[in-house]
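Numbering (my numbering), first residue to last: 167 to 584.
All C-beta atoms in this analysis are idealised placements derived from N, C-alpha and C, irrespective of residue type, glycine included.
One structure below.
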């Protein structure tokens, strides 16, 4: 892989330098002319250098290392594993490596697959493709549950193994998929229930955010509360995505995590969505834009529409940094969600959804804002998550069941009166 550009930028506080490598990544799609479609992506790394000259040298070494590794991967080419005698764990590793080399899966997906593959290797050992049976798969998953892994983690192992074995069936390496008869573990929520902020909680949080002024974390929290966007989507917002004139916010990318670090991941064309921009949030963003422009000027960096809304002169704000920043604020606020827990940043997204639906908003719009594949998913998660809405439902039921007798007009007519 060749990186098109390599730059260093100083952080806003002037204490650190960050290296940025930009490259084009195939999307796996073709344009109207039949040519492969590519999208821009980037890798970032916080450098240990203290001066710009040292930072450039360190950046050059990092770029050389990354390109050398990419060339080794390219020379190694696809890993051929066609024999039914191949250990399952080796076949899984080869499947992931081939998909990564072909760029058919995102770097963030590769990272997750590698984690699941580790459990497959530990649990199946030297069992070969032809020897793998449903009871082996069941034993693997039961053991992982017994070790204390969550049903979600074990479910990911199950899905990866099933996908790989389907690949083996299609390539005639094995005759059937031994994962098919095995049911994945039933998903159990670690913290059942949606821990959204209720009406009083939302007012309290907004009041305290107002008192703190404008920072990447306080602005990011407001965006989540007013739109329902995810952390990675908020951190990837650029000023060109904010249409103040038409009151629209465009979600075109998010921040992914790969083995090379965090990177900008563009959304597929059919996944780009627009979200209505509430007036209060628009005012906050206008004010924050002014603050950010001053910070860019202090860093002697030109401000542009490509700047990240929550970022600095160096680049985007890492989603984990946003999450940790909010966690510290929420702890200091002492506010609790509907489940009695301090709300996470993701709970701010839940808060928008429950507020919107409880206020009578339509489900399709909610699903669009949240980036859900369909409205049924939104209903399954949020249909009865708002306690105030539940109380109103009880009141409506009571009123309908025993209406005010004074409003009922007795009908004494027999039908024979003239």
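Counting C-beta neighbours from all protein chains within 10 Å, is the total for residue 357 16 or more, i.e. buried, or is it exposed?
Along the chain shown, one-based indexing puts residue 357 at 191. Residue confidence is low: residue 357 scores 49 on pLDDT, short of 50, so the model does not pin down where it sits. No coordinate-derived value is stated.
Which residue from 428, 390, 292 and 461 puts its Cα closest to that of residue 258?
Taking the chain shown and counting its residues from 1, one reaches residue 258 at position 92. Minimum Cα distance to residue 258 is reached at 292.
Cut-off 7 Å between Cβ atoms - residues of its own chain near residue 480, not counting five sequence neighbours on either side:
Counted from its first residue, the chain shown places residue 480 at position 314. These residues qualify, in order along the chain: 175, 176, 177 and 184.
Can you tell which of 205, 517, 209 and 204 has the C-alpha that lies nearest to the C-alpha of residue 187?
The count along the chain shown starts at 1 and reaches residue 187 at position 21. Comparing Cα positions, the closest option is 209.
Between 531, 218, 547 and 504, which has its C-alpha nearest residue 366's C-alpha?
As a working mapping, residue 366 is identified with position 200 in the chain shown. If we check each option's Cα against that of residue 366, 504 comes out closest.
Whole-number beta carbon distance between residue 476 and residue 441, since they are thought to touch under 8 Å
Locating residue 441 in the chain shown gives position 275, counting from the first residue. Locating residue 476 in the chain shown gives position 310, counting from the first residue. At roughly 16 Å, the Cβ-Cβ gap does not stay under 8 Å, so residue 441 and residue 476 are not in contact.
So what's residue 256 in DSSP terms, helix, strand or just coil?
Sequence index remark: in the chain shown, residue 256 carries index 90 (1-based). Three-state DSSP puts residue 256 in a helix.
Hey, residue 350 and residue 321: beta-carbon distance below 7 Å or not?
Here the question's residue 350 lines up with position 184 in the chain shown. Here the question's residue 321 lines up with position 155 in the chain shown. Cβ distance < 7 Å, so residue 350 and residue 321 count as in contact.
Residue 457: buried (16+ other C-beta within 10 angstroms of its C-beta) or exposed?
Your numbering for residue 457 matches position 291 in the chain shown. With a 10 Å radius around the Cβ and a threshold of 16 neighbouring Cβ atoms, residue 457 comes out exposed.
Who are residue 420's beta bridge partners in DSSP?
Here the question's residue 420 lines up with position 254 in the chain shown. Answer is 431.
Ignoring anything shorter than 4 residues or poking outside the segment 373 to 409, list the alpha helix (DSSP H) runs there in chain order.
The qualifying runs are 382 to 393 and 397 to 401.
Is the segment 500 to 517 touching the segment 384 to 403 in the sense that three or more CB pairs, one from each, lie closer than 8 Å?
Cβ pair count under 8 Å is three or more, so yes.
Same chain, Cβ closer than 6 Å to residue 194, five either side skipped, listed in chain order:
Your numbering for residue 194 matches position 28 in the chain shown. In this prediction, residue 194 scores a pLDDT of 49, lower than 50, which makes its location untrustworthy; no coordinate-derived value is stated.
The segment 458 to 473 / the segment 404 to 412 touching (three or more Cβ pairs under 8 Å)
Because the criterion of three Cβ pairs below 8 Å is met, the segment 458 to 473 and the segment 404 to 412 touch.
Determine the contact status of residue 215 and residue 221, defining contact as a CB-CB distance below 7 Å.
Numbered from 1 along the chain shown, position 49 holds the residue referred to as residue 215. Numbered from 1 along the chain shown, position 55 holds the residue referred to as residue 221. Closer than 7 Å, so yes.
Stretch pair the segment 309 to 317 + the segment 264 to 282: three plus CB contacts closer than 8 Å:
No contact exists between the segment 309 to 317 and the segment 264 to 282.
Residue from 394, 261, 328 and 529 with nearest C-alpha to residue 516
Within the chain shown, numbered from 1, the residue matching residue 516 stands at position 350. It is 394 whose Cα lies nearest to the Cα of residue 516.
With which residues is residue 176 paired in a DSSP beta bridge?
For the purposes of this step, residue 176 is taken as the residue at position 10 of the chain shown. Paired residues: 183.
Out of 500, 284, 439 and 466, which one is the CA nearest neighbour of residue 533?
Here residue 533 refers to the residue found at position 367 when the chain shown is read from its first residue. Answer by Cα proximity: 439.
Endpoints, alpha helix (DSSP H) assigned at residue 303
Counted from its first residue, the chain shown places residue 303 at position 137. Unbroken alpha helix (DSSP H) run through residue 303: 300 to 312.
By Cβ distance below 6 Å, which residues in the same chain neighbour residue 180 in space, the five residues on each side in sequence not counted?
As a position in the chain shown, residue 180 is number 14, starting the count at 1. Here the set comprises nothing.
Alpha carbon to alpha carbon, how far is residue 342 from residue 296? Give it in angstroms, no decimals.
Here the question's residue 296 lines up with position 130 in the chain shown. Here the question's residue 342 lines up with position 176 in the chain shown. Answer to the nearest angstrom: the Cα atoms are 9 Å apart.
Would you list the residues sitting across from residue 440 in a DSSP beta bridge?
The residue you call residue 440 lines up with position 274 of the chain shown. Residue 440 is bridged to 416.
May I ask you to list the residues that DSSP assigns as paired with residue 211?
Start at 1 with the first residue of the chain shown, and residue 211 comes out as number 45. For residue 211, which the question treats as bridged, DSSP gives the partners 185.
Reduced DSSP category for residue 357 - H, G, I as helix; E, B as strand; rest coil
To locate residue 357, count along the chain shown from 1; it is residue 191. Residue placement at residue 357 is poorly supported in this model, since its pLDDT is 49, which falls under 50; the coordinates still yield a value, given next. Judged by DSSP in its simplified three-state form, residue 357 adopts coil rather than helix or strand.
Starting from residue 279, trace the alpha helix (DSSP H) both ways and give me its first and last residue.
Here the question's residue 279 lines up with position 113 in the chain shown. Segment 273 to 290, the alpha helix (DSSP H) holding residue 279.
Less than 8 Å between the CB atoms is what I'm expecting for residue 276 and residue 286, so what's the real figure, rounded?
The sequence position of residue 276 within the chain shown is 110, counting from 1. The sequence position of residue 286 within the chain shown is 120, counting from 1. The pair is not a contact, with the Cβ atoms about 15 Å apart (cut-off 8 Å).
Let me make sure I understand the geometry here. Which of 266, 326, 506 and 411 has the alpha-carbon closest to that of residue 362?
Within the chain shown, numbered from 1, the residue matching residue 362 stands at position 196. The residue with the shortest Cα to Cα distance from residue 362 is 506.
If you count every other CB in all the chains shown that lies within 10 Å of the CB of residue 369, and 16 or more means buried, which is it?
For the purposes of this step, residue 369 is taken as the residue at position 203 of the chain shown. Exposed: under 16 other Cβ atoms inside 10 Å.
Between residue 401 and residue 536, how many whole angstroms is the CB-CB distance? I'm expecting something under 8 Å.
The count along the chain shown starts at 1 and reaches residue 401 at position 235. The count along the chain shown starts at 1 and reaches residue 536 at position 370. Not confirmed; about 17 Å, so no contact.
Spatially closest choice to residue 450 from 461, 376, 527 and 493, by CA coordinates
What you label residue 450 is simply residue 284 of the chain shown in a count that begins at 1. Nearest option by C-alpha distance: 376.
Please confirm if residue 375 has its CB atom under 7 Å from at least one CB of chain D.
The question asks about chain D, but that chain is absent: this structure has only one protein chain.
For residue 301, tell me which candidate among 348, 294 and 333 has the shortest Cα-Cα distance.
Here residue 301 is taken as the residue at index 135 of the chain shown, counted from 1. Of the listed residues, the one whose Cα sits closest to residue 301 is 348.
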